[in-house]
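Contents: one structure, followed by commentary.
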Amino acid sequence: DYELGTGVGTLDLSRLDLAKGQTVATQADVGMGRLRVIVPADVTVKVSMDVGVGDIQLPGDDEKDVDVAPGKHKEVTLPPTTGGEDTGTLDLDLRVGFGQAEVSRATS
């Protein structure tokens, strides 16, 4: 579990090496600010995001399309972006009171 009261927090999980069939779960909370989580390209990512007031950004979203609104919640499953076999699953529970929650894929 990771927590940040205010500010910008980046959780870089890009080097996480999961075995096929392995699931790793983590939770990150930011009271006010921005939470960015970088995930590996070769894993399935299950994301549950809650933002009290703010914006949610996922891979493929236009970075300039910021839609600030109250009570945002999103649950998605992102498939691996690599052409190879899925090596495991990353289960993320992300919460931001006021600000932005973002999930992005690592680049090679």
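This note's numbering puts the first residue of the sequence shown at 25, with every later residue one more than the last. In this text, a Cβ means the ideal position worked out from N, Cα and C, and glycines have one as well.
Note that the C-beta distance between VAL77 and PRO94 is below 7 Å.
Collapsing the DSSP output to three states places GLU99 in a strand. Between the stretch 37 to 45 and the stretch 100 to 107 there are fewer than three inter-stretch CB-CB distances shorter than 8 Å, so the stretches are not counted as touching.
Under the three-state reduction of DSSP output, LYS70 falls in the strand class.
Setting aside the 5 residues that flank it on each side, GLN81 is surrounded in the same chain by GLU126, each with a C-beta closer than 6 Å to its C-beta; the list follows chain order. CA-CA distance, LYS98 to ASP117, rounds to 10 Å. VAL120 and GLY29 have their C-alpha atoms roughly 10 Å apart. Under DSSP, GLU126 takes part in a beta bridge, and its partners are ARG60, GLN81. With fewer than 16 neighbouring CB atoms inside 10 Å of its own CB, GLY84 falls in the exposed class. Secondary structure note for VAL92: it is in no beta strand (DSSP E), with a DSSP letter that is neither H nor E.
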